[in-house]
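Under my numbering, the first residue of the sequence shown carries the number 975, and numbering increases by one thereafter.
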Amino acid sequence: MGKVIAITGKGGTGKTAVTAMLIRHLNNSEKKFRILAIDADPDANLADALGAKVEKTVGDMREFMQDSRFTSSPDTDKQALFEAKIFEILLEEDGYDLLVMGKPEGSGCYCYVNNLLRAIMDKTAKDYDLIVIDSPAGLEHFSRKIFPDLDDLIVVTDESRRGLTTGERIRDIAREMGLKYKDLYVVVNKITTGRRDKVIENATSLGLTVIGTIPYDESLAKFDLVGDPLTGLPDDSPAVKEMANVVGKLGL
Ligand SMILES: Nc1ncnc2c1ncn2[C@@H]1O[C@H](COP(=O)(O)OP(=O)(O)O)[C@@H](O)[C@H]1O
Ligand SMILES: [Mg+2]
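See below:
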């Protein structure tokens, strides 16, 4: 199986922008990565940032399976049915495939459906060189053990010291839920010129490793203002340039 990376952090820090720029970078590289992008944020906007159009989500399919749990014939192969449903909604775009998790579970026990989903995810993961998951800071989907174990957990934060402590908190949440990962890294986003050294000093004092300091980028902000996909950012945009360093540090 390929590498599995989760990009997490508080809302508004730039998780989706970083995920989209990562995919953009890899699509333009010589190596041909088979990429699966997963939007695991209920406030889903990765598709917009990538310029893809999503109609149905994994959440919709999970509801379908949950609702038909007792009504479908006992002979139905539930695993195969769910798998077919997931493939129905898997978007095959130029350079990556995309799955949107969508709305959270309703009330009631979803253990059965989530177990099926985990098996499907494990099987699907084998078809990709890289799986990149855009996830909110609570790591909710990971607590359900739906996704394969992680190689890298990347925390996107602003430059403030308080922002950096999110990195510490996410490390604690991951430990409490038994989430396995090899490395935890911090990417500081929307950094102001001249603050880089201080931010890295703060991160180091918290025991956090910074692998990127992405500047506030007017071109990125303008793209998002009008809703243009970030995959169309020019090569010389400052955020895109710094993203190349991040990709290098990730060994991709
Ligand atoms: N490096 C950057 N420079 C300028 N604006 C940015 C940058 N990164 C993110 N933004 C802006 O910040 C907002 C939040 O970014 P987004 O990626 O949606 O965050 P999240 O996914 O963490 O909620 C968006 O309006 C986006 O355009
Ligand atoms: Mg987002």
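Note that the Cβ used here is the ideal one computed from N, Cα and C, for glycine as well.
Point to revise | Burial state of residue 1205 (16 or more Cβ within 10 Å) | key: In the assembly as shown, residue 1205 is a buried residue. Its beta-carbon has 16 or more other beta-carbons within 10 Å.
Review point. So is the beta-carbon of residue 1188 under 7 Å away from any non-hydrogen atom of ligand 1?
Key: At least one heavy atom of ligand 1 falls within 7 Å of the beta-carbon of residue 1188.
Exercise for review: Return yes when at least one heavy atom of ligand 2 lies under 7 Å from the C-beta of residue 1022, else no.
Suggested key: Short note on residue 1022: C-beta not closer than 7 Å to any heavy atom of ligand 2.
**Study point:** Same chain, Cβ closer than 8 Å to residue 1139, neighbours up to 5 away in sequence not counted
**Key:** Excluding positions up to five away in sequence, the list reads 1180.
Check your understanding: Out of curiosity, what's the CA-to-CA distance linking residue 1202 and residue 1149?
Key -> Here the C-alpha atom of residue 1202 lies approximately 37 Å from the C-alpha atom of residue 1149.
**Study point:** Backbone CA spacing between residue 1096 and residue 1120 [nearest angstrom]
**Key:** Taking the straight line from one Cα to the other gives about 9 Å.
Check your understanding: If we ignore side chains and look at the alpha-carbon of each, how far apart do residue 1083 and residue 1056 end up?
Key -> Distance between the alpha carbons of residue 1083 and residue 1056: 17 Å.
Exercise for review: Please determine if the stretch 1048-1062 and the stretch 1109-1120 are in contact, where contact requires at least 3 C-beta pairs separated by less than 8 Å.
Suggested key: Contact between the stretch 1048-1062 and the stretch 1109-1120 is not established, with fewer than three Cβ pairs separated by less than 8 Å.
Review point. CB of residue 1125 to nearest heavy atom of ligand 1: below 7 Å?
Key: Outside the cutoff, so no.
**Study point:** Within 8 Å, strictly: CB atoms of residue 1131 and residue 1162
**Key:** Their beta carbons are under 8 Å apart, which means residue 1131 touches residue 1162 by this criterion.
Practice item. Would you mind sorting residue 1199 into buried or exposed? The rule is 16 or more other CB atoms within 10 Å of its CB. Key: Exposed: under 16 other Cβ atoms inside 10 Å.
Check your understanding: So which of 1173, 1225, 1111 and 1157 has the shortest CA-CA distance to residue 989?
Key -> When each option's Cα is compared against that of residue 989, the closest is 1111.
Check your understanding: Rounded to whole angstroms, how far is the Cβ of residue 1129 from the Cβ of residue 982, which I believe are closer than 8 Å?
Key -> That pair is a contact at about 6 Å.
Check your understanding: Nearest CA to the CA of residue 934: which residue from 1133, 985 and 1034?
Key -> Here the chain covers residues 975 to 1226 and nothing more, so residue 934 does not appear.
Check your understanding: If you check the beta carbons only, do residue 1109 and residue 1015 fall under 8 Å apart?
Key -> A contact, by the Cβ cut-off of 8 Å.
Practice item. Determine the direct distance from the alpha carbon of residue 1207 to that of residue 1194, and round the result to whole angstroms. Key: C-alpha separation (whole angstroms): 7 Å.
**Study point:** Distance between beta carbons of residue 1043 and residue 1070, contact taken as under 8 Å
**Key:** At roughly 32 Å, the Cβ-Cβ gap does not stay under 8 Å, so residue 1070 and residue 1043 are not in contact.
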